[in-house]
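Asks:
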Amino acid sequence: MREEKFYVISFDSTHHAIKGEKILKDSGYNIRVIPTPREVTASCGLSIKFDKKDLEKVQTIIGKNELSIKGIFEIGKYEKGRLANKID
Numbered sequence: 001m002r003e004e005k006f007y008v009i010s011f012d013s014t015h016h017a018i019k020g021e022k023i024l025k026d027s028g029y030n031i032r033v034i035p036t037p038r039e040v041t042a043s044c045g046l047s048i049k050f051d052k053k054d055l056e057k058v059q060t061i062i063g064k065n066e067l068s069i070k071g072i073f074e075i076g077k078y079e080k081g082r083l084a085n086k087i088d
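According to the UniProt record's numbering, the stretch in the sequence shown is residues 1 to 88, in order.
1) Find the nearest neighbour of E4 within the set Y78, K49, I87, A84, judged by alpha-carbon distance.
2) Assign I87 to one of two classes, buried (16 or more other C-beta atoms within 10 Å of its C-beta) or exposed (fewer than that).
3) With a threshold of 6 Å on Cβ separation, who are the neighbours of D54 within its own chain once the five nearest residues in sequence on each side are excluded?
4) So, for H16: in the same chain, excluding its five sequence neighbours on each side, which residues have a beta-carbon less than 8 Å away from its beta-carbon?
5) Whose C-beta lies closer than 7 Å to the C-beta of I61 among residues of the same chain, with five residues either side of it excluded?
6) Whose CA, out of K19, I18, T36, lies closest to the CA of V8?
7) Please work out which residues of its chain come closer than 6 Å, Cβ to Cβ, to N85, disregarding the five sequence neighbours upstream and downstream, and give them in chain order.
8) Just verifying my parser: in three-state terms, what is the DSSP assignment at L83?
Spelled out as structure tokens, the structure:
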């Protein structure tokens with residue numbers, strides 16, 4: 001089985017997740033709101049999934065708009081499960 005990775009932004013509240021979704025969609029990014037992966041702890045329950053190629057741009061938009069986030073995580077899918085690595 002090959003390794004798969006994806007990236008998510010987790011938030012402190014649903015309000016912040018919805019605000020983040022609007023800002024990122026309005027900026028033209030290919031994102032999707034998903035349930036927060038269980039490997040990411042202490043979050044509101046909603047996260048935004050985005051493409052790796054957009055990581056730096058997403059980080060810039062978060063900073064410019066002063067979005068309140070819990071963190072940005074790389075989620076790796078492996079044969080024996082998944083692992084979350086906080087990258088920001």
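Think of the CB as a built atom: it goes at the ideal place given N, C-alpha and C, for glycine as much as any other residue.
Replies: The relevant details are as follows:
1) Y78
2) exposed
3) Y29
4) C44, L67, S68, I69
5) I23, L24, S27
6) T36
7) E74
8) strand
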